[in-house]
Amino acid sequence: MNEKTLTTASPVPKSRASRLLSMGGLATKLAGNVLTEGSKRWIKGEAPSLNELVLTPKNMGDVADKLARMRGAAMKLGQLLSMDAGTLLPPELAAVLARLQSQGVIMPMTQLIHTLESSWGTDWMDQFNYFSFDPIAAASIGQVHKARTLDNNELAIKIQYPGVAQSIDSDIDNVISLLRLSGLLPKGLDIDELVDEARRQLHLEADYYAESRHLTDFSGKISNFSISKNLIMPTYFAELSETNIMTMSFVEGVGIEEWLKDHPEDASRIMGLMLELFFTELLQMNLMQTDPNPANFHVCPDTGKLILFDFGAVRSFNPQFVDRYKQAIDQAIDQNRAGLEAALEVLGFFKNGTDVANKAAVIDIFTIAAEPLRSATPYHFAQSDIAKRIHEIGMSVSKDPDAWHTPPADVLFLHRKMAGLYLMAAKHKAVVDTRTIYQQISG
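Residue numbers (numbering that gives the first Met the number 0): 0 to 442.
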């Protein structure tokens, strides 16, 4: 993990009441912005729709800023929506929510010390030779600090924002209500299953004991596969951990985005490792870290190995689901539309029956997504318009929300990871023999 100083500090609203007031304040601010913008436009003789007045850059910026400062479920839900429903959301909202992937606002010093004293007592510093009060990373659930024990173990200590775990349910309800009432979510768009799954996932991520079990389980299972020789994972320190504090060994590395910016020639190798890890997780382990946020992946500068961080979003897949999903992939690779339709139906894509209006679009999207696995030569992600084609089909479906059906939760989290990897590979102009990777792992 490479150190960096995060200078933007803002107290995390702790109580449910203060968090509700924070969301209420945003709603009032949005309404005021709409009124102001509407007055300006009407004076000019224009007749803008309410949707145009809501989806202004100022409103979108206010939404992103508020979610980032609330942290917790409010920010995480924005991240999930930006990844999972991006093709169904207004592009203005999708773009702003995507900012939350890298946005981090830290706790002020007084709140940090109060959190540490509440968990470890007033003499907590006695167990360290060194503790940095400047976090080296900040995310939606907590922030990470570097420390050194009395016996000189270098540590990375993840400290959860106060009140986050207790406010998950109310935050989610408040955010969804705000997005619906303001018109930021299209009318008729059914994201109930996604929201329920986000709720479950957030409760799990807020339990650092659960994350420690994920880390231990993942490390044990991945060691049985060839990809493990190219991976590094931190070690868990149980004696210095609580449900809201997770202590691990500090692993020196460079963030994957920074590494690839400075070493563009390494993009194909790195993205090949990322895709090999993805298919190993899915097809061989049935266990996946589903968050594609680049902050979760670093590179060891000495060995070039991938360093994996953040195991809060680890998801276990039923072997039956994996077998069925592999059938769908294979049918998509073969461009067998009838076979793919049958496989997707078994997976639960078409719960509304065989006459689902968007069935052809879903099959098209799945077939296009399998293109890298079909390519007989290494796939040039940056030269492909795969993301554009999928987006255009998704947007055509979103114009008829009644025709859309949200796929099963397992599929949503799986596609979230896959989409993130595809976008990263395109951004860094990676050329990857994806077909061979898939064939070797799928057997």
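Heads up, the beta-carbon is just placed ideally off N, CA and C, and yes, glycines get one too. On a predicted model such as this, the values are computed, not experimentally measured, just so you know.
To which residues of the same chain is residue i closer than 6 angstroms at the C-beta, ignoring the five residues directly before and after it?
i	result
A337	none
G271	V431
F308	N295
G311	E204 and E210
T246	L154, I156, F236, L239 and S240
K426	none
I112	none
L282	I440 and S441
D265	none
L326	Just to set this straight, residue 326 is Gln in the shown sequence, not Leu. Taken in chain order, the residues that qualify are A342.
Nearest by alpha-carbon distance to residue i: which of the options is it?
i	options	result
A443	F320, T433, H427 and A424	Outside the modelled stretch of the chain, which goes from 0 to 442, sits residue 443, for which no answer is possible.
P263	M423, M245, R434 and Q438	M423
Y129	A146, A136, H113 and L201	A146
V361	G347, E192 and N292	G347
T148	F127, P371 and L259	F127
Q165	L201, I175 and V194	L201
D191	L420, P406 and K426	P406
N317	E280, W258 and L305	E280
Y421	D265, I367, I306 and Q439	I367
N292	Y160, D261 and A418	A418
I364	I440, Y378, V250 and I385	I385
K260	K428, I440 and Q439	K428
E275	I221, N335, T302 and V345	I221
Y324	T114, Q334 and E344	E344
V410	A359, L305 and D322	D322
According to the neighbour-count rule (16 or more other Cβ atoms, all chains shown, within 10 Å of its Cβ), is residue i buried or exposed?
i	result
G442	exposed
D444	Residue 444 is absent from the model: the chain starts at 0 and stops at 442.
G219	exposed
V33	Because V33 sits at a pLDDT of 48, beneath the cut-off of 50, its placement in the model cannot be relied upon, and the following sentence gives the value as read from the coordinates. By the 10 Å Cβ count, V33 comes out buried.
E238	exposed
E116	exposed
F132	exposed
S267	buried
P371	buried
P134	buried
Contact check, residue i vs residue j under 8 angstroms by CB: the rounded distance?
i	j	result
Y207	N151	Not quite, the Cβ-Cβ distance comes to about 24 angstroms (not below 8 angstroms), so this is no contact.
M284	V313	The pair is not a contact, with the Cβ atoms about 10 angstroms apart (cut-off 8 angstroms).
I167	G141	In fact, because the Cβ distance is near 14 angstroms, the residues do not count as touching under 8 angstroms.
R434	S374	6 angstroms
F278	Y437	6 angstroms
For residue i, which residues from the same chain have a beta carbon less than 8 angstroms from its beta carbon, with the 5 sequence-adjacent residues on both sides left out?
i	result
T289	A312, V313, R314, F412, L413, R415 and K416
By Cβ distance, which residues of its chain are closer than 7 angstroms to residue i, with the 5 residues on each side in sequence left out?
i	result
R198	I167, D168 and I171
V194	I171 and I175
A369	I328, A331 and I332
Do the segment 322 to 339 and the segment 229 to 248 touch if we need at least three Cβ pairs shorter than 8 angstroms? no
Assess, as a yes-or-no matter, whether the segment 297 to 304 is touched by the segment 243 to 256 under the definition of 3 or more beta carbon pairs within less than 8 angstroms. yes
Taking one C-beta from the segment 383 to 393 and one from the segment 212 to 231 each time, how about it: are there three or more such pairs within less than 8 angstroms? no
When the Cβ atoms of the segment 212 to 224 are set against those of the segment 110 to 129, are three or more pairs found closer than 8 angstroms? no
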